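Everything below concerns the one structure shown next.
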C-alpha cells in the first residue's frame with residue numbers, strides 16, 4: 001500500500017523544527033532539491049504499489065532521493081543509510097521535515113524496491129527529469145553528439161580454469177546441501193579436495209606451458225562432469241521448490257562444461273555466446289581494440305550528449321556496430337525534446353553512406369569528413385566540421401568523468417535489468433550535478 005506524504009501541512013511545533021530557516025541555501029543538496037520534479041516522480045512511484053492493500057510502502061521522495069544520493073556520492077546501500085542519519089542536508093533533500101535520529105530503513109529495502117520498480121520506472125524517471133530541466137531552460141536542445149562505450153560488469157577477468165573451478169565448487173556445495181535435505185546417509189564421492197589441489201597447483205605455477213594448461217583443463221572438466229552427473233541424480237529426489245531454485249545455476253554450470261569441452265576438443269579459444277562469468281552468465285566479451293583494453297566485459301551502451309547532458313540511447317549485452325543505430329539516437333532525441341537536432345557529430349565510424357543519406361534526407365547537418373580522395377568542400381564547411389569534431393573530443397572526457405566519479409566504471413547491481421538501471425541512475429546523477437551548476441549560474 002502507498003500513500004503520498006502531505007508536505008503542505010506545517011508542523012504543529014515549528015520551534016522544534018531544527019533547521020527551519022537555518023540551512024545554508026548555497027548547499028548543493030538544497031540547490032538540487034529545487035530542480036527535481038518530486039511530485040511527478042512520487043506519483044509514478046506510487047503506481048507500483050497498491051492503494052489500499054498491504055503494509056504502507058516507504059515514502060517515494062525518500063527512496064528517489066536516496067537513489068540519487070547513492071549514485072552522486074558513490075556510496076554502498078549500507079553506507080547510504082548511515083550517511084542519511086549523519087547529514088541534515090541529505091535529510092532535507094529526501095523530504096524530511098524534522099531531524100531523524102534513528103535509522104529510517106534497512107539497507108536491504110533499497111534492493112527490494114529497485115527490484116520491484118524495474119527498468120521501466122527508471123526510464124520514465126529519467127524522462128521526467130529531462131522534461132523538468134528543459135522546461136526550466138537548463139537544458140537547451142542543440143546539436144547531437146553520439147558515441148559508444150562499454151560499462152564494465154563486476155566480474156573477475158575470466159580464464160577457462162577459474163570458470164570451470166567456480167562452477168565445480170558451486171555444484172559440490174549443492175550436492176552436500178541436497179544430500180542433507182533428503183536425508184541421504186551414504187557419502188557421495190565428489191573428489192572436491194583433490195580437484196581443489198589440482199586447481200591450486202596450477203594457479204601457483206608462474207610459467208604455464210600449453211601442455212600444462214591443456215592437461216589441467218581436461219582434469220578439471222572430468223571433475224566437473226562427475227559432479228554434474230551426481231547433482232543431476234540428486235535434483236530428481238530433491239523437493240520441487242529447491243530444484244526450481246537451483247535450476248538456473250545448474251543450467252549455467254552445464255553450459256560452461258559443454259562450451260569448455262567443445263573448445264578443448266576443437267582446440268579453439270572462441271565460441272559463440274561464450275559464458276565468461278558463472279554468476280552473471282549473460283555478460284559477453286566486447287572486443288574494443290583500444291590500448292590497454294582490447295576486450296571489455298559488460299554491456300555496450302550508445303550515449304548521446306546534448307548541451308553537456310548525457311543520455312542512454314541503446315543498451316545491449318551483445319557486441320554491435322553503433323553506426324547502424326544512428327536512427328535510434330535521432331528517435332530518442334525527438335522523444336526527449338519534441339524536435340530533431342540541427343546537426344549530428346560523431347566519429348568517422350558513423351559516417352557511412354547510409355547515415356549520410358539519412359541525415360541529408362531529413363535535412364540535418366552532418367559533421368563528417370567528406371568521402372572521396374579529393375573532396376571539394378568549401379572553406380566554411382571544412383572549418384565547421386573541424387570545430388564540431390574538436391567539440392566531440394569533449395565526449396571522451398565526459399565519459400571518463402562518468403566512469404571515474406559516477407560509477408560507470410563498474411556495475412554493482414545484480415538484480416534483474418540491474419545493469420541498465422545502474423547506467424541510467426549514474427547518468428541522472430551526473431546530469432543533475434551539471435544542472436545544479438547551470439541553475440546557479442542563471443540565478444547569479
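In full-length UniProt numbering, the protein residues as written are 1 to 444. Where is the CB? At the ideal position from N, CA and C, for every residue including glycine. Note that the structure is a prediction, hence the values are computed from the model and not measured.
By the DSSP assignment, the alpha helix (DSSP H) with residue i in it spans what residues?
i           : result
residue 64  : 60–73
residue 380 : 379–392
residue 40  : 38–46
residue 85  : 77–86
residue 160 : 160–182
residue 192 : 192–203
When burial is assigned at 16 or more other CB atoms within 10 Å of the CB, is residue i buried or exposed?
i           : result
residue 337 : buried
residue 382 : exposed
residue 190 : buried
residue 339 : exposed
residue 12  : Low local confidence applies: a pLDDT of 38 at residue 12 is under 50, so the model's placement there is unreliable, with the coordinate-based value given in what follows. Exposed.
residue 172 : buried
residue 350 : buried
residue 253 : buried
residue 322 : buried
residue 265 : exposed
residue 232 : exposed
residue 157 : exposed
residue 298 : buried
residue 217 : buried
residue 245 : exposed
residue 280 : buried
residue 262 : exposed
residue 94  : buried
residue 270 : exposed
residue 341 : buried
residue 147 : buried
residue 446 : Here the chain has residues from 1 to 444 only, and residue 446 is not among them.
residue 348 : exposed
Hey, could you find the ends of the beta strand (DSSP E) residue i is sitting in?
i           : result
residue 240 : Here residue 240 belongs to no beta strand (DSSP E); instead the alpha helix (DSSP H) covers 240–266.
residue 288 : 285–290
residue 310 : 309–316
residue 136 : That residue, residue 136, is in no beta strand (DSSP E); it is neither H nor E in DSSP.
residue 144 : 144–150
residue 304 : 300–306
Could you name the residues of the same chain whose beta carbon sits closer than 6 Å to that of residue i, not counting the 5 residues immediately before and after it, in chain order?
i           : result
residue 113 : 63
residue 110 : 77
residue 399 : 149
residue 237 : 182
residue 295 : 285 and 287
Might you give, ordered along the chain, the residues of its own chain that have their beta carbon closer than 8 Å to the beta carbon of residue i, omitting 5 neighbours on each side?
i           : result
residue 220 : 161, 164, 165, 168, 195, 198 and 199
residue 133 : 35, 139, 309, 431 and 435
residue 75  : 69 and 83
residue 212 : 202 and 205
residue 328 : 302, 313 and 314
Which of helix, strand or coil does DSSP assign to residue i?
i           : result
residue 118 : helix
residue 229 : helix
residue 345 : strand
residue 339 : coil
residue 99  : coil
residue 358 : helix
residue 25  : coil
residue 400 : helix
residue 293 : strand
residue 418 : helix
residue 109 : helix
residue 366 : strand
residue 153 : strand
residue 213 : helix
residue 30  : helix
residue 424 : helix
residue 104 : coil
residue 411 : strand
residue 35  : helix
residue 207 : coil
residue 320 : coil
residue 220 : helix
residue 437 : helix
residue 278 : coil
When every heavy atom of the ligand NAP is checked, does at least one fall within less than 7 Å of the C-beta of residue i?
i           : result
residue 158 : You won't find the ligand NAP in this model; it holds no ligand whatsoever.
For residue i, which residues from the same chain have a beta carbon less than 7 Å from its beta carbon, with the 5 sequence-adjacent residues on both sides left out?
i           : result
residue 312 : 301, 303, 423, 424 and 427
residue 118 : 417
residue 305 : 145, 395 and 398
residue 249 : 170
residue 67  : 425
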